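K.L.:
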Amino acid sequence: MIPYGRQDITQADIDAVVGVLQSDFLTQGPMVPRFEQSVAQHVGASHALAVNSATSALHIACLALGLGPGDRLWTTPVTFVASANCGLYCGAEVDFVDIDPRTYNLCPQALERKLVRAEREGRLPKVVVPVHLCGQPCDMQAIHALARRYGFKIIEDASHAIGGKYQGEFIGNGRYSDITVFSFHPVKIITTAEGGMALTNDAELANKMALLRSHGITRDPAQMTHEADGPWYYQQIDLGFNYRMTELQAALGVTQMERLDQYVARRHQLARRYDDLLGSLPVTTPWQHPDSYSGLHLYVIRLQLDKLQKTHRQVFEALRELGIGVNLHYIPVHTQPYYQRMGFQTGDFPQAESYYAEAISLPMFQTMSEEQQDQVVKALVSSTAG
């Protein structure tokens, strides 16, 4: 089976992790800040906070921005559920904005229309979470302009997008957002096994997230309510969580970061080759906005079902039977039973639902060979044939 995604672990990665195992620190040592610095410097952000997952990063980002009961978070329905769940963790209401039919990202025009209605009704969001689906950045300049007009905060969910660029600058630099979140799950562009990171240019937000990832505890005398009892002393000054990243994960991240640009470049080579090989098939290949340089975490095609004599499911299952580990990213969040119990219904976000009815994620990973790619294309030809 050719998987849709696969990590690349080298001897350098193994040596780095073994080095930590032989050191004095398995958690709370020098490797986590080293990894944070590596990512922050690469993307051009002032502060980076490594955590145990991108879900945790989204949660503490929302809390740092003051999201709570009575507030609203908006995101796209075409994302993993974590992009929406983070609002619910904070006691906020969650709603969605339909996608752009070409990029599959949150649509700025749909966002503006919804904001106009929400302002009239007194129901503006406190936080909007644009998701850079497949690694292609959203139209952040347009979303940022709306944030300035309507007063909401922005968390970029860039779980798919480390190494990508928007308007020639690395995603994560915070030019158009308050906080950016990366994921380092094994199928992502680089991995720490499990892990995530929140980046910001705001020192106050960074300090707040640093507290929240570790139980709300500080040893900084400047943050304490009174003088320390002694050198052992710490204070819990907020209600936080155990969201820390380990030294083992961070060591893996440090060495993976050394190959980030190489990985993204290889994904672009594979994407261009897919574009060429699939040009004559009844599928729509990914469109890339000229302002973007995608991280290309995923390569998603859409079946042109009006030209096929097979259903979406039949093509998907045929590919799996031929040893191609295709996947579907994602089932629109508003169609999940948990969200439908809140009142969301099928038909609420038609562009997202149209995408879901046609989308298939083809295998895409940096160590993929041309022979494997040819196998995928051959299987797709067979699976879509009359």
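The sequence shown: position 146 = 146 (the UniProt record's numbering), numbered continuously.
Even glycine gets a Cβ: it sits at the ideal position worked out from N, Cα and C.
Note that the structure is a prediction, hence the values are computed from the model and not measured.
1. Anyone know if the C-beta pair for V300 and A359 falls short of 7 Å?
2. Can you tell me the Cα-Cα spacing of A198 and S38, whole angstroms?
3. Thinking C-alpha only, which one of F96, S292, T27 is nearest Q340?
4. Can you check which of these residues, A64, V17, M31, S23, is closest to T200 by C-alpha distance?
5. Out of R6, V32, M342, which one is the CA nearest neighbour of A16?
6. Report yes if the CB atom of R34 is closer than 7 Å to the CB atom of V264, and no otherwise.
7. Are H59 and I189 closer than 7 Å when you measure CB to CB?
8. What does N327 pair with, by DSSP beta-bridge criteria?
9. Between the alpha carbons of S177 and C138, how many angstroms are there, rounded?
10. Could you name the residues that DSSP lists as bridge partners for Q155?
11. Between G87 and C62, which are expected to be in contact by the criterion C-beta below 8 Å, what is the C-beta distance as a whole number of angstroms?
12. In chain order, which alpha helix (DSSP H) runs of at least 4 residues are fully inside the segment 54 to 126?
13. Compute the distance between the beta-carbons of G295 and A161, then report whether it is under 7 Å.
14. Between the segment 307 to 325 and the segment 378 to 385, do three or more beta carbon pairs fall short of 8 Å?
15. Across the segment 65 to 75 and the segment 122 to 132, are there enough close Cβ pairs to call them in contact, namely three or more that are closer than 8 Å?
16. Can you give me the start and stop residues for the alpha helix (DSSP H) that I14 sits inside?
17. In angstroms with no decimal places, state the Cα-to-Cα distance between V326 and P231.
18. Using the three-state DSSP reduction, which class does R341 fall into: helix, strand or coil?
19. Give every residue of the same chain whose Cβ lies closer than 8 Å to the Cβ of Q372, excluding the five residues on either side of it in the sequence, and list them in chain order.
20. Keeping to the same chain, check which residues put their C-beta closer than 6 Å to that of H329; ignore five residues upstream and five downstream.
P.N.:
With the given structure in hand:
1. yes
2. 13 Å
3. F96
4. A64
5. When R6, V32, M342 are compared, the shortest CA-CA separation from A16 is found for V32.
6. no
7. Cβ atoms of H59 and I189: not closer than 7 Å.
8. Bridge partners of N327: S361.
9. So the two alpha carbons sit approximately 11 Å from each other.
10. Going by the sequence as given, residue 155 is Ile instead of Gln. Answer by DSSP bridge pairing, in chain order: I179.
11. 6 Å
12. Segments of the alpha helix (DSSP H) lying fully in the segment 54 to 126: 54 to 64, 82 to 89, 108 to 121.
13. In this structure, A161 lies closer than 7 Å to G295 by Cβ.
14. When C-beta atoms of the segment 307 to 325 are compared with those of the segment 378 to 385, three or more pairs fall below 8 Å, so the two segments count as touching.
15. yes
16. That run of the alpha helix (DSSP H) goes 11 to 21.
17. Rounded to the nearest angstrom, the two C-alpha atoms are 55 Å apart.
18. coil
19. Here the set comprises I2, P363.
20. Answer for H329: L298, S361, listed in chain order.
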